[in-house]
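Below is one structure, written out as structure tokens; comments come after it.
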Amino acid sequence: MKEKPGQLEDDCCSWLRWLDFYKNENSFLKVRLSEVVDNLTDHILLSAAENFQSQFILKDELFAQLQHEIEFLRQKLTDMARSKKSISMDSTVLTKHLRLKNKMPQLKQDFMQLIENFNSFLYSLQF
């Protein structure tokens with residue numbers, strides 16, 4: 003695998019921006035859910051709302067974990083650049099980067115699906 007240090011750092015920065023955006027979006031969804039729950043009385047709908055709340059909390063935890071992993075990787079890259087150590091010699095860095103590179107598109111897709119499901123739930127409450 004012939005990755006350039008700048009490319010790896012750019013990936014990390016991009017992933018951190020993505021996580022920041024989706025953490026904000028997740029916060030908005032939780033606020034919106036709390037507004038809706040105040041008006042729910044049907045037990046089935048309340049159960050569905052609790053399910054969404056659980057999913058939003060799990061996403062918060064996942065985003066925090068990923069942010070920590072990405073920041074750790076970014077710091078390793080910075081340290082390697084300072085010491086002029088070759089990235090190709092550190093299989094840990096390359097493995098972490100490749101794992102994140104493969105994981106991020108699926109996470110984005112999963113989160114977008116959660117948003118779509120939540121919006122459908124909100125829409126169903128209006129009728």
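FYI, our numbering numbers position 34 of the sequence shown as 36, with every residue one higher than the one before it.
Note that the Cβ used here is the ideal one computed from N, Cα and C, for glycine as well.
Under the three-state DSSP convention, the category residue i falls into
i: Asn41; result: coil
i: Met3; result: In this prediction, Met3 has a pLDDT of 47, which is less than 50 and means its spatial position is unreliable; what the coordinates show is noted afterwards. Coil at Met3, not helix or strand.
i: Lys86; result: coil
i: Trp20; result: helix
Boundaries of the alpha helix (DSSP H) in which residue i is found, first to last residue
i: Asp112; result: Ser93 to Leu127
CB contact below 8 Å: residue i versus chain C
i: Thr43; result: Note that chain C does not occur in the displayed structure, where there is just one protein chain.
Cβ-Cβ distance between residue i and residue j below 8 Å
i: Phe58; j: Leu31; result: yes
i: Phe123; j: Tyr24; result: no
i: Asn26; j: Lys61; result: no
i: Glu11; j: Arg76; result: yes
i: His99; j: Asp13; result: yes
i: Val38; j: Leu127; result: yes
Cβ separation of residue i and residue j, assumed to be a contact under 8 Å, to the nearest whole Å
i: Trp20; j: Lys110; result: 7 Å
i: Leu35; j: Ala51; result: 6 Å
i: Val95; j: Leu116; result: Incorrect: roughly 31 Å between the Cβ atoms, too far for contact.
Segment contact flag, the segment 103-121 with the segment 53-70, C-beta cutoff 8 Å, min 3 pairs = yes
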